[in-house]
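One structure is given here, and the rest of the page talks about it.
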Amino acid sequence: MTPSDLIFSLVLITRLPGCFCGVTTVEDHSVLEGESVVIPCHYEPQYAGYVKYWCHGKMKDFCTSLARSDAPWTPAGQGKVVLFDDPVQQVFTVTMKNLQEADSGWYWCGVEVGGVWSADVTASLHINVFQGLSVVNRMLRGEEGSSITVQCLYSQGLRLTEKRWCRSGDWSSCVLTDSEGRYEDQAVEIRDNLTNAFTVTLKSLAQKDTGWYWCAAGQKQLPVHIFVATPATTVLVAKMTSTPEDTESKFVPTPPSSPPRLISNGAEHHRTLWEYSLMVCGVLFIVLVLVLLPWKIQVQYIKNKRKRQAEELKAKQSDPQCGDDWKNSSVILFNSTSDKMFGF
Ligand SMILES: *[C@@H]1O[C@H](CO)[C@@H](O)[C@H](O)[C@H]1NC(C)=O
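The sequence shown runs -21 to -1, 1 to 323 under mature numbering (1 follows the signal peptide of the UniProt record, and there is no 0).
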C-alpha cells in the first residue's frame, strides 16, 4: 500500500454514507471509449452564487481542475470538457466528450466555498472508460411482422474488425459484414458506419425469433435479448398495464427503430406478474378441490346413512311387534352418527 492509497482510503472512510454534504451527484459510471458522458451535480440553494468546478484525481485537495463556471474552458480540459451552471435548478452539468481509457478515475463536483479553515463542498464519482463493445438497448421488444433495430457501439480498436450477429448458442448462425461494413439477406441487415457503431435490423419478426443473440466484433461479444410479441398479447398487456388516463399514450404504435426500453420492460414485468397470479389461483383451486371433495363425500355418506337408519326406524315403529326395540335402536342411531361426526 503506497502512502497515497492510505490517504485515499482515509478519504473514502470519511465519505459517510447518507451524509448530505451540500453537493450530490450520480453513481459511478462505465463508459465505452470514444463515448461522451453528461454528469449532473446538484447543490443546495445557498451555493447558487459560488464558483463551481469539475476536477480529476484521487484526492480532492490535489485534483486537476478541468472546468470552472467562471472559466468554462481550461487548458487541462483540452476542449473535451464543458461545465454549465444552472442556479435556478441548482444543478451544474459537466459534459466530457470522446473519453479515452486514460480518462478513467475519480472525478469531483465542487463548489468553491473554502477559505483557509473550511473545505470546499464536494461530491465524487468514479468513471471507468473501457475498450470493446456496448449495446444501446440490451432488451428489445418487437411485434410479430414488424422489424427491429439493434445498435451496437464499438471502441476504436475494433474499427477494422468484421462485425457479426449470431443467435446465442449457435455459432453457425453468425452472419458478418463484408469489407464495406455491410451484410444483407431476407431476415437480417447489418450496417457498419466504420467509425464507432453498427446497426442490426431484423426484418419481419416471427415468434420463433424470440431469444438471445450476440452483437460481436473481433474477440468481443455482448448478449442482446429480443422478445417478439403477437399483436394479441400486446393489446392484452396494454389493457392490463394502462389506467384510463394513459390509455391513449399506450395504444400509440411505437416506431420499431427505437423501442422504448422502460415501457417494454414494464410490460414484460406485468405479464409475468399476471402469469404468476394465474398460477397461484390454479394451485389454490386444486387444493380446495382436494380438501372439499372428500369432505363433501363424507357428509353425503353420513346423510345417506342417517336417512337409511331413520327409514328403518320408521319401519320398525309402524311394526307393533318391534315396539320394544325402539329405545335401543335410537341409541344405536345416535352412537353411529356421533362416531361418524367426530371420528374422522
Ligand atoms: C456512427 O453512428 C454513431 C451512432 O449512431 C454516431 O454517433 C456516429 O456519428 C456515426 N458516425 C458516422 C461517421 O456516421
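Note that the Cβ used here is the ideal one computed from N, Cα and C, for glycine as well.
In the three-state reduction of the DSSP assignment, ARG170 falls in the strand class. Beta-bridge partners of VAL30 (DSSP): none assigned. A distance filter of 5 Å between CB atoms and the heavy atoms of ligand 1 selects the following residues in sequence order: ASN172, THR174 and ALA176. By alpha-carbon distance to CYS194, the top candidate from ASN116, VAL5 and SER183 is ASN116. In the structure shown, ASN77 falls within a coil segment according to DSSP collapsed to helix, strand and coil. VAL262 carries a helical assignment under DSSP once its states are collapsed to helix, strand and coil. Taking the CA atoms as reference points, GLU141 sits about 14 Å from GLU168. Burial state of LEU139 is exposed, judged by a 10 Å Cβ sphere holding fewer than 16 other Cβ atoms. Judged by DSSP in its simplified three-state form, GLU159 adopts coil rather than helix or strand. Beta-bridge analysis with DSSP links GLU141 to no other residue. Residue pairing for GLU6: DSSP places it in no beta bridge. Contact between the region 2 to 12 and the region 103 to 113 is established, with three or more Cβ pairs separated by less than 8 Å. Comparing alpha-carbon positions, the option among GLN130, SER134 and ALA196 lying closest to VAL179 turns out to be GLN130. In the displayed model, LEU184 falls within coil according to three-state DSSP, outside both helix and strand. For LYS37, there is no enclosing beta strand (DSSP E), as DSSP marks it with neither H nor E. With 16 or more neighbouring CB atoms inside 10 Å of its own CB, SER134 falls in the buried class. If the five residues before and after LEU155 are omitted, its C-beta is found closer than 7 Å to the C-beta atoms of GLU141, LYS142, ARG143 and TYR162, all from its own chain and listed in chain order. VAL92 has its alpha-carbon roughly 47 Å from the corresponding atom of VAL203.
With respect to the 9 Å criterion, GLY148 and TRP191 are classified as neighbours on the basis of their beta carbons.
Per DSSP, the continuous beta strand (DSSP E) segment holding THR128 begins and ends at 127 to 133. Between the C-alpha atoms of TRP87 and THR3 there is a straight-line separation of about 10 Å.
For TRP87, the enclosing beta strand (DSSP E) stretches over residues 84 to 90. Here GLN57 carries a coil assignment [DSSP, helix/strand/coil].
The alpha-carbon of ASP157 is positioned some 18 Å away from that of LYS199. Shown here for VAL61: same chain residues with a beta carbon closer than 6 Å to its own, the five before and five after excluded, namely THR74 in chain order. Take the alpha-carbon of ILE18 and the one of VAL70: they are about 10 Å apart.
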